[in-house]
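Report on the following structure.
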Amino acid sequence: PAVVVGVLNYALVLEELEYEFYQLGTDASGLIPAQDRAIFETIRAHELDHRDFLRTTLGRSARPKPTFDFTAGGAFPTVFTSYATFQAVAQAFEDTGVRAYKGQAAALLPYKAVLTAALTIHSV
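Be aware that the sequence shown starts at 7, since it is given in this note's numbering, and climbs by one per residue.
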């Protein structure tokens with residue numbers, strides 16, 4: 007149904023955002039301290055799995071990947087050079103993702119399998 011496609015595309019944009027953010031962060035030389043690197047690589051892998059799951063589920067209904075400005079128009083120019091900024095933006099993205107999934111759960115109540123899949127992603 008259209009409501010499910012809409013919710014899943016909404017989630018897809020969030021997963022695209024998060025995956026690209028963590029990919030760029032783990033690619034940035036010297037950004038993430040060695041002791042924290044595995045954590046962010048794990049998070050990146052989860053975001054990739056979520057993105058791929060949603061793209062596969064949506065098939066031809068998946069919207070194209072948007073272009074992201076992780077500096078927020080220059081408000082965070084050091085997002086990929088300052089670990090503190092990177093962490094703050096990561097926390098904001100994770101909080102946004104959790105709230106977004108919770109906020110869309112009611113729309114998926116009639117579709118138990120989809121709701122279960124969305125809540126599984128949410129819990130990660």
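We put the CB at the ideal spot given by N, CA and C, even for glycine.
One alpha carbon belongs to residue 70, the other to residue 56, and they sit about 16 Å apart. Residue 11 sits close to residue 64, with the two beta carbons spaced by under 8 Å. If you draw a straight line from the Cα of residue 89 to the Cα of residue 38, it comes to about 6 Å. Taking 8 Å as the cut-off, the Cβ atoms of residue 25 and residue 54 count as close. For the 8 Å CB-CB criterion, residue 46 and residue 76 do not form a contact.
The three-state reading of DSSP puts residue 118 in helix, counting H, G and I together. Rounded to whole angstroms, residue 106 and residue 18 show a C-alpha spacing of 11 Å. Distances from the CA of residue 78 to each of 66, 98, 62 were compared; the closest alpha carbon is that of 98.
In this chain, the alpha helix (DSSP H) harbouring residue 8 covers 8-33.
When DSSP states are grouped into helix, strand and coil, residue 101 belongs to the helix group. Here residue 100 is exposed, its C-beta having fewer than 16 other C-beta atoms within 10 Å. DSSP places residue 80 in the coil class of the three-state scheme, outside both helix and strand.
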